[in-house]
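K.L.:
Taken in sequence, the protein lines are chains C and A. Under my numbering, the first residue of the first sequence carries the number 43, and numbering increases by one thereafter. Under my numbering, the first residue of the second sequence carries the number 43, and numbering increases by one thereafter. My structure is below; once you've seen it, I'll send some questions.
There are 2 protein chains.
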Amino acid sequence: MTAPADLARRDTDSRRTEIAGAVRALIAERGFEGLRMRDIADRVGINIATLHYHIPSKEALITLVAQSLRDDFIAQHRAQPRENLSPLEQLRLEFSDFRDTFFNNPERLLVMGEMQERARRDPAVAAAMTPMRGYWHQQVRAILEAGRADGSFRADLEPAAAAAIVIGGMVAATKQPNPSAESLDRVFAEIERCVRNPSS
Amino acid sequence: MTAPADLARRDTDSRRTEIAGAVRALIAERGFEGLRMRDIADRVGINIATLHYHIPSKEALITLVAQSLRDDFIAQHRAQPRENLSPLEQLRLEFSDFRDTFFNNPERLLVMGEMQERARRDPAVAAAMTPMRGYWHQQVRAILEAGRADGSFRADLEPAAAAAIVIGGMVAATKQPNPSAESLDRVFAEIERCVRNPSS
DNA sequence: TCGGCCATCAATCAGTTGATTGAGAGACAA
DNA sequence: TTGTCTCTCAATCAACTGATTGATGGCCGA
Numbered sequence: 043m044t045a046p047a048d049l050a051r052r053d054t055d056s057r058r059t060e061i062a063g064a065v066r067a068l069i070a071e072r073g074f075e076g077l078r079m080r081d082i083a084d085r086v087g088i089n090i091a092t093l094h095y096h097i098p099s100k101e102a103l104i105t106l107v108a109q110s111l112r113d114d115f116i117a118q119h120r121a122q123p124r125e126n127l128s129p130l131e132q133l134r135l136e137f138s139d140f141r142d143t144f145f146n147n148p149e150r151l152l153v154m155g156e157m158q159e160r161a162r163r164d165p166a167v168a169a170a171m172t173p174m175r176g177y178w179h180q181q182v183r184a185i186l187e188a189g190r191a192d193g194s195f196r197a198d199l200e201p202a203a204a205a206a207i208v209i210g211g212m213v214a215a216t217k218q219p220n221p222s223a224e225s226l227d228r229v230f231a232e233i234e235r236c237v238r239n240p241s242s
Numbered sequence: 043m044t045a046p047a048d049l050a051r052r053d054t055d056s057r058r059t060e061i062a063g064a065v066r067a068l069i070a071e072r073g074f075e076g077l078r079m080r081d082i083a084d085r086v087g088i089n090i091a092t093l094h095y096h097i098p099s100k101e102a103l104i105t106l107v108a109q110s111l112r113d114d115f116i117a118q119h120r121a122q123p124r125e126n127l128s129p130l131e132q133l134r135l136e137f138s139d140f141r142d143t144f145f146n147n148p149e150r151l152l153v154m155g156e157m158q159e160r161a162r163r164d165p166a167v168a169a170a171m172t173p174m175r176g177y178w179h180q181q182v183r184a185i186l187e188a189g190r191a192d193g194s195f196r197a198d199l200e201p202a203a204a205a206a207i208v209i210g211g212m213v214a215a216t217k218q219p220n221p222s223a224e225s226l227d228r229v230f231a232e233i234e235r236c237v238r239n240p241s242s
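Here's what the structure looks like:
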């Protein structure tokens, strides 16, 4: 008996989603260099040949994960309406989004970090990661520009450079030893003081 | 003839240093998941058994590299006298140090990034990386505290959080697409504006 | 001179790893 | 019913990988 009736049989699309989730969990746990096709199959609960049926190669798998990350990222950013908020409120929304992800979905940030490293050597990964990084950067930059325009942020603020610092600062906050909600918030508050207009 | 006279014969200490250098170059090129003992031996120009003679295991090798990074890092930071400089000058020295390393020794920063990722799962690596990160953080924090004290930096600046942002901002600057001396300097200048006292 | 130690190498091993093969079972249309 | 298409699996492969073994030649102290 090679395919018992009680074993879940899924269409390829949902299988691929399931596989992507398993891979992300494994990368978060053991990193890229510890990623094994057999472990992925085991976690999904399928045979390694079945895994290869849905995903032609390990390389394709990694591309799939990069795309799944990008899709998640953009979906989350689109979920919240930001139009009616002040630039400072938008920036704070960015912070709270990030904090929520860090605590409720840490695997996402971990895997993004790993993928970011790999993007340097793997064009296929870079093709999925670069737009995501660009989207985020653009989002923050637009907030900073709006804040500079309405006087709530510094007049001498350079949006592109400052966006890099804001994002870098957020990421750095998570890499401190023993990150907590409080330690994250301390860094976020400092970023706020970095960009706010002192004379307002 | 298995050990010809024209083949370099080195004592274990200098061999280990040589091996650490080769490993760092390989990690920078291919990342952690592409690191192979045979490639290391090839790059050093020795047999794989000789490699294992000097380094008992791959794990020990990685610890060795982490330590070599830490030693380099601290050596460079001790090299420049900072005592007679103003806080702002000290901060700028930090920037130029970092920029020099990025362009003259990019392998160092690349490998530090990879190791930082790995530190999360490997206590031995963490033991070497955490003090390095801590040293750097402490260095920047001291500069920021001094600047706040003498009024050249913001009075409401929180040194620990700001240090995280300064370091995170520097690192983020190198991860922009197509980083150049100019793009780095734009970020560094923005960091300066972030911390300076607006009323001075 | 000689004996022991150090650094080195060719050859080899056992376990791992990504990928393939050939076939079975269920669903569904003709 | 029959045929075919999709999804699944056990078994297997060839290549790779970290590590070991046993031996060799040179250096150095006695």
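Glycine included, every Cβ here is placed at the ideal spot set by N, Cα and C.
1) Looking at the unbroken alpha helix (DSSP H) that takes in N146 of chain A, where does it start and where does it end?
2) Could you pull out every residue in the same chain whose Cβ sits closer than 8 Å to the Cβ of P98 of chain A, ignoring the five residues on either side in sequence?
3) Quick check: the Cα distance between V208 of chain A and R58 of chain C, rounded to an integer number of angstroms?
4) Counting only C-beta atoms, is G87 of chain C closer than 8 Å to chain A at any point?
5) How would you call A102 of chain C, buried or exposed, if buried means at least 16 neighbouring beta carbons within 10 angstroms?
6) Kindly indicate which three-state DSSP category R238 of chain A falls into: helix, strand or coil?
7) When you compare the CB positions of I61 of chain C and I90 of chain C, do they come within less than 8 Å of one another, or not?
8) List in chain order: all unbroken beta strand (DSSP E) runs of 3+ residues lying wholly within the segment 145–223 of chain A.
9) Could you check whether I69 of chain C and E131 of chain C sit closer than 8 Å to each other, using their CB atoms as the reference points?
10) Among A:E71, A:V86, A:G73, which residue has its Cα nearest to the Cα of S56 of chain A?
11) Quick check on the burial criterion: 16 or more other C-beta atoms within 10 angstroms. Buried or exposed for Q122 of chain C?
12) Can you tell which of C:P201, C:P240, C:Q181, C:E149 has its C-alpha closest to the C-alpha of T216 of chain C?
13) With a Cβ-Cβ cutoff of 8 Å, do R78 of chain A and R163 of chain C count as a contact?
14) Does the Cβ of P165 of chain A have 16 or more other Cβ atoms within 10 Å, making it buried, or fewer, making it exposed?
15) Do the segment 222–234 of chain C and the segment 199–214 of chain C meet, that is, are 3 or more Cβ pairs less than 8 Å apart?
16) Is T59 of chain C close to chain A, meaning its C-beta is less than 8 Å from at least one C-beta of that chain?
17) Would V167 of chain C and R160 of chain C qualify as a contact pair, given that the criterion is a beta-carbon distance under 8 Å?
18) At the level of alpha carbons, what is the spacing between R141 of chain A and P221 of chain A?
19) Tell me whether S241 of chain A is buried or exposed, calling it buried when 16 or more other Cβ atoms sit within 10 Å of its Cβ.
20) In the DSSP assignment, the alpha helix (DSSP H) including S110 of chain A goes from what residue to what residue?
21) In chain order, what residues of the same chain lie with their CB nearer than 8 Å to the CB of Q118 of chain C, ignoring the 5 residues before and after it?
22) Would you mind reading off the limits of the alpha helix (DSSP H) that contains I90 of chain C?
P.N.:
Taking the definition as stated:
1) 129–146
2) none
3) Roughly 40 Å between the two C-alpha positions.
4) no
5) exposed
6) strand
7) no
8) At a cut-off of 3 residues, not a single continuous stretch assigned as beta strand (DSSP E) sits fully inside the segment 145–223 of chain A.
9) no
10) A:V86
11) exposed
12) C:E149
13) no
14) exposed
15) yes
16) no
17) Taking the C-beta atoms as reference points, R160 of chain C is found nearer than 8 Å to V167 of chain C.
18) 11 Å
19) exposed
20) 100–121
21) D139, T143
22) 90–96
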